[in-house]
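Engineer: Under the working numbering, residues 13 to 345 are what the sequence shown spells out, in order.
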Amino acid sequence: MPVTLRPLPAQAPAGPGMRQSRHLLVVGAEVEAEEVELLALSRFPTTRWEVPPTPGRDGVLEPGLLRTSRHTALRGPYASNGGRGGSVFVVSCPRERGEPPFPGGGDRDGLGRAFPAGLPVREEDRVVRWLVAAARRLAGTAVLDGVVVTPDPDAQIDLTVYSDVWLEPEAALAVARHVDARTVYAPGGEDWAGPPAHLVSPADLDAADAAELHAAADDVDIAALTSPEALSGYALHLPLGLDGLVVVEIAGEELLPVSLRGLPWADGGAIAYRVRWVPDDFTELEEERPPTAHRIARGRAAISVAKLTGALHDVVGGEIADQSEFLVARSDL
């Protein structure tokens, strides 16, 4: 049975002595308040319900207060007055603006269109970017300073597997080639240009310093000769012809998404298997509404990205995250 919601207030209350911005997150009727809470926790770890949504005596759901930081809170859900039959969360945060958008730059999230006089900075920047990401994930809409931004849910197809399992290049290539035989090792390597010019010359060292330097060098050489070669990262390429290229980048990472905090295997870092799409025209990735040809190529590339990500996850386990660092279930790929 659908839940009856309170009407959206004309103005949200602001914090005392603080200049506030009022933004909206509009989602479908099927979206539960707990889903919004989980997405907020994925970006703001101190998120908590100060007042959870609760049914009133008249059977109408009383809006809750979800606080993401000391100065930012979401109130809702309220009834949508846009005729969509959905719900609205009102977001109050500090109004913090910087410079106008750079002329001619990309605007894939529509922020330049929403804030032509000055882009949000600091707390408001973090909140606004989360709002757009949440709207994309929930197939909803963000209303930023009265400007409607409806991000395309299919615009971001890159995925990352975080795991505590390291795959050697041969193993990763075998997994990827099981998905698509066209996968190859990424070309790489550069010719050495010689030592930097600022290095100390041996002629500048006295006998004692030179002996110490040679002894240290010998220790390094012995360690290098008696230890297996350490590989810190590598990449695979899957060429898609006119649809561009899918790149799989494998490396260790210490800075992990907030959503992975508290997982014992991710304590101190993890191995990241980044699967991303590189179109022929890279600039089109930064367009809020890219051309039809780009969207068609992106749709086909998304299939390869999902299959590669799923195959890697089946082997190494761990968690899958999208470009917004929201977790993705393996069954949803």
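Every residue, glycine too, gets a C-beta built ideally from N, C-alpha and C.
Taking R109 as the reference, give the member of S33, V317, A167 with the closest Cα.
Structural biologist: Closest option to R109, Cα to Cα, is S33.
Engineer: Could you check whether the stretch 161 to 169 touches the stretch 299 to 319, counting it as contact only if at least three pairs of C-beta atoms, one from each stretch, sit closer than 8 Å?
Structural biologist: Yes, the stretch 161 to 169 is in contact with the stretch 299 to 319.
Engineer: Can you name the start and end residues of the beta strand (DSSP E) that A334 belongs to?
Structural biologist: Note on identity: in this sequence residue 334 is Asp, with Ala being the wrong assignment. Element bounds for D334: 331 to 334.
Engineer: Spatial neighbours of R312 within its chain, please: CB distance less than 6 Å, with the 5 preceding and 5 following residues excluded, ordered by chain position.
Structural biologist: Contacts found: D255.
Engineer: Between which two residues does the alpha helix (DSSP H) holding G322 run?
Structural biologist: G322 -> alpha helix (DSSP H) spans 304 to 328.
Engineer: Report the rounded CA-to-CA distance for V259 versus P128, giving the unit in angstroms.
Structural biologist: Each residue's Cα considered, the two are about 34 Å apart.
Engineer: Using the rule of at least 16 other Cβ atoms within 10 Å of the residue's Cβ for burial, across every protein chain shown, is L267 buried or exposed?
Structural biologist: Exposed: under 16 other Cβ atoms inside 10 Å.
Engineer: Got a sec? Which residues, its chain only, sit under 7 Å from L324 by beta carbon, not counting five neighbours each side?
Structural biologist: So the qualifying residues of the chain are V173, V187, Y285.
Engineer: In terms of residues, what are the limits of the alpha helix (DSSP H) holding W289?
Structural biologist: Taken as a continuous stretch (DSSP letters only), W289 belongs to no alpha helix (DSSP H), being part of the beta strand (DSSP E) at 282 to 290.
Engineer: In or out: I169 buried (at least 16 other Cβ within 10 Å) or exposed?
Structural biologist: I169 should be labelled buried.
Engineer: Excluding the 5 residues preceding and the 5 following R288 in the sequence, name in chain order all residues of the same chain whose CB lies nearer than 6 Å to its CB.
Structural biologist: Around R288: D170, V259.
Engineer: Along the chain, where does the alpha helix (DSSP H) that runs through V144 open and close?
Structural biologist: Element bounds for V144: 134 to 149.
Engineer: If you measure between the beta carbons of P113 and G122, is that distance less than 8 Å?
Structural biologist: Their beta carbons are not under 8 Å apart, which means P113 does not touch G122 by this criterion.
Engineer: Use the C-beta contact count for T195: other C-beta atoms within 10 angstroms, 16 or more gives buried, fewer gives exposed.
Structural biologist: Classification of T195: buried, given that the 10 Å Cβ count is 16 or more.
Engineer: Just tell me which of V328, P75, R18, W61 has its CA closest to the CA of N93.
Structural biologist: Of the listed residues, the one whose Cα sits closest to N93 is R18.
Engineer: I'd like the list of long-range same chain contacts for E49, defined as Cβ closer than 8 Å, with 5 residues on each side in sequence excluded.
Structural biologist: Hits under 8 Å: T59, W61, L78.
Engineer: CB A146 to CB L36, shorter than 8 Å?
Structural biologist: No.
Engineer: Please give the ranges of any alpha helix (DSSP H) in the stretch 39 to 68, keeping only runs that are unbroken, at least 4 residues long and fully inside the region.
Structural biologist: Taking only runs of at least 4 residues, the alpha helix (DSSP H) segments lying wholly in the stretch 39 to 68 are 45 to 53.
Engineer: Name the one or two DSSP bridge partners that L36 has.
Structural biologist: Looking at the DSSP assignment, L36 forms a beta bridge with V102, V155.
Engineer: Just checking E265 against the ligand NAP - is the residue's beta carbon closer than 7 Å to any of the ligand's heavy atoms?
Structural biologist: Questions concerning the ligand NAP fall outside what the structure shown contains, since it holds no ligand whatsoever.
Engineer: In this structure, does DSSP put H190 in helix, strand or coil?
Structural biologist: Note: H190 maps to helix in three-state DSSP.
Engineer: Taking DSSP as the reference, what is the three-state secondary structure of A126?
Structural biologist: Three-state DSSP puts A126 in a helix.
Engineer: Can you give me the Cβ contacts of A126 inside the same chain, cut-off strictly under 7 Å, excluding the 5 residues immediately before and after it?
Structural biologist: If we look at A126 and ignore the five residues flanking it on each side, its Cβ neighbours are L156, D157, V159, V161.
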